[in-house]
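Trainee: Take this structure, written in structure tokens, and hold onto it; I'll ask about it next.
Protein chains: 2
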Amino acid sequence: MEHDDDPSRPATRWADAWRGVLFANAKVLRIAERDLVEREGFPVAWLDVLAQLYDAPGNALRMQELEERSLFTRSGLTRLVDRIEAAGLVRREPVPGDRRGVSVALTPEGRRRHDRAFVEHMRVIEREFGGRLTPAEQQAVADALAGFWHGDLESPTTAG
Amino acid sequence: MEHDDDPSRPATRWADAWRGVLFANAKVLRIAERDLVEREGFPVAWLDVLAQLYDAPGNALRMQELEERSLFTRSGLTRLVDRIEAAGLVRREPVPGDRRGVSVALTPEGRRRHDRAFVEHMRVIEREFGGRLTPAEQQAVADALAGFWHGDLESPTTAG
DNA sequence: TGTCAATAGATGCAATGTCAGTAATTGCGG
DNA sequence: CCGCAATTACTGACATTGCATCTATTGACA
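Chains as they are written, first to last, in the numbering used here: chain A, 318 to 477; chain B, 318 to 477.
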């Protein structure tokens, strides 16, 4: 992936864009991970789960819903929730209509920890990520990549 | 809902930009990981190592250099190299001047596997990532995030 | 009602990653 | 030359993750 600055052949810019995503993610997340563990004693994966529950109606989600929304550890969710539950931040509850299902709910303690951790986490992200971009760049990246989250991107994988 | 172009309050766009980075990375990488394992029988972490060696002068790097450049698995490099070496894709060699050191070199087989894997990997990235962005968006993201890789971003972490 | 595929989670095992501690080597200061 | 801190890489204990499998429950249907 060397020389393709040629204006007649702009299609290779995605490689640099991808590299940027890769590096930004890795570097910022590494710092944020360290910081969170030091301050709060739990990793970003926990905060991800807590935040999903926080945003959910009733502060609770079924395992499967959690799995769909969670960025990290698509699998292994059972044990992840085990640990968070052991720490008292969430609680498993039976689902009224379906005896197979389990609902994971935020405990009051979990909510407190979430609030504190989230604020500090965002501060770190702002310092390490947002602060390195101009407002225009922030807007551009947000617009360009919006499709990856508020969008469904199943499509092109059908053919296996 | 979309109007935050307000100059008095532009600072919140980085949150959406960050979310985009997070999601794009996670979703695209997950697909690429599966694909690579299926096709080549090794994970992206291997390709990362192979690519670092490929780009290095003499197709070789010391463990520490490898660790600094590697995006994935900052730690655990010893065992990672163990595995790749066991597969015959790299070879450990003593360093002439320093008997503590170890140089990790790409084998001919490693080079072949790298070439093939890299091409296919890039194809997947293009399909899953590049293909979802317009050329203008690709350019914008590449420009905005360039600082995270060709740049040094040590600075603001000094105070711990 | 009995059978069976589908769904929701959990579990076993192997692979991988993390962290602290170890061993060998180097280079400095006396 | 000798002791000692720094550097380089590895090892072992342990936590986490991924994958395939397993159990329980549900819902469709004959």
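The beta-carbon is built from N, C-alpha and C at its ideal position, and this holds for glycine as well. Small disclaimer: the values here were computed from a predicted structure and weren't measured.
How long is the line joining the alpha carbons of R409 of chain A and V421 of chain A, rounded to whole angstroms?
Mentor: 5 Å
Trainee: Alpha carbon to alpha carbon, how far is A368 of chain A from G405 of chain B? Give it in angstroms, no decimals.
Mentor: 44 Å
Trainee: For W363 of chain A, I'd like the list of residues in its chain whose CB is within less than 6 Å of its CB, leaving aside the five on either flank, ordered along the chain.
Mentor: Hits under 6 Å: I401.
Trainee: Which first and last residues belong to the alpha helix (DSSP H) in which L370 of chain B is found?
Mentor: 361 to 372
Trainee: Just checking, does the region 455 to 464 of chain A make contact with the region 436 to 443 of chain B on the three C-beta pairs under 8 Å criterion?
Mentor: no
Trainee: Using Cβ-Cβ distances below 8 Å, what residues of the region 452 to 465 of chain A are close to chain B?
Mentor: P452, E454, Q455, Q456, A457, V458, A459, D460, A461, L462, A463, G464, F465
Trainee: In whole angstroms, what is the alpha-carbon distance linking R336 of chain A and W466 of chain B?
Mentor: 8 Å
Trainee: Under the three-state reduction of DSSP, which class applies to A404 of chain B: helix, strand or coil?
Mentor: coil
Trainee: What residues from chain A crowd round G337 of chain B, counting only those whose CB sits closer than 9 Å?
Mentor: Those within 9 Å of G337 of chain B in chain A are V338, V458, A459, D460, A461, L462, A463, G464, F465, W466.
Trainee: What is the rounded straight-line gap between the Cα of V366 of chain B and the Cα of R417 of chain B?
Mentor: 21 Å
Trainee: Interface residues of chain A around E443 of chain B at Cβ under 7 Å?
Mentor: Those are W331, listed as they occur along chain A.
Trainee: DSSP state of L378 of chain A, grouped into three classes?
Mentor: Note: L378 of chain A maps to strand in three-state DSSP.
Trainee: Taking the beta strand (DSSP E) that L462 of chain B falls in, what are its first and last residues?
Mentor: Premise fails: L462 of chain B lies in the alpha helix (DSSP H), 452 to 462, not in any beta strand (DSSP E).
Trainee: Are the C-beta of V345 of chain B and some C-beta of chain A separated by less than 9 Å?
Mentor: Closer than 9 Å: yes.
Trainee: Is any beta-carbon of chain B found at less than 9 Å from that of N342 of chain A?
Mentor: yes
Trainee: Starting from the C-beta of V407 of chain A, find all residues in its chain whose C-beta is less than 8 Å away, skip the five residues before and the five after it, and write them out in chain order.
Mentor: V366, L367, L370, V398, I401, V421, A422, L423, T424, G427
Trainee: Pull up the DSSP beta-bridge partners for R409 of chain B, would you.
Mentor: B:V421
Trainee: What three-state label does DSSP hand R416 of chain B in the structure shown?
Mentor: Residue state, collapsed to three classes: strand.
Trainee: Please name the residue, chosen from B:H438, B:R429, B:L383, that lies closest to I348 of chain B on a Cα-to-Cα basis.
Mentor: Comparing Cα positions, the closest option is B:H438.
Trainee: I'd like to know whether the C-beta of R440 of chain A is nearer than 9 Å to at least one C-beta of chain B.
Mentor: no
Trainee: Please list the terminal residues of the continuous alpha helix (DSSP H) segment that includes R356 of chain A.
Mentor: Run containing R356 of chain A: 330 to 357, per the alpha helix (DSSP H) assignment.
Trainee: Can you tell me whether DSSP reads E448 of chain B as helix, strand or coil?
Mentor: Here the sequence assigns Gly to residue 448 of chain B, which means Glu is not the residue at that position. It is helical.
Trainee: Could you tell me whether the Cβ atoms of A463 of chain B and D372 of chain A are closer together than 9 Å?
Mentor: no
Trainee: Checking contacts by CB at 9 Å: is R356 of chain A closer than that to chain B?
Mentor: Using a CB distance cut-off of 9 Å, R356 of chain A does not count as an interface residue toward chain B.
Trainee: Buried or exposed: where does E454 of chain A fall if 16 or more other Cβ atoms within 10 Å of its Cβ makes it buried?
Mentor: buried
Trainee: Kindly indicate if chain B contains any beta-carbon less than 9 Å away from that of F435 of chain A.
Mentor: Between F435 of chain A and chain B, the shortest Cβ-Cβ separation is not below 9 Å.
Trainee: Tell me which residues share the same chain as L450 of chain A and place their Cβ nearer than 6 Å to its Cβ, disregarding the 5 neighbours each side in the sequence.
Mentor: Within the same chain, L450 of chain A has no close Cβ partners at all.
Trainee: Buried or exposed: which applies to G447 of chain A, given that a residue is buried once 16 or more other Cβ atoms fall within 10 Å of its Cβ?
Mentor: buried
Trainee: Could you tell me which chain B residues have their CB closer than 8 Å to the CB of L388 of chain A, listed as they occur along the chain?
Mentor: L339, F340, A343
Trainee: Drop a sphere of 10 angstroms on the beta-carbon of D432 of chain B, count the other beta-carbons inside from all chains shown, and report buried for 16 or more, exposed for fewer.
Mentor: exposed
Trainee: Answer yes or no: does any C-beta atom of chain A fall closer than 9 Å to that of A377 of chain B?
Mentor: It does not: the Cβ of A377 of chain B has no partner Cβ on chain A nearer than 9 Å.
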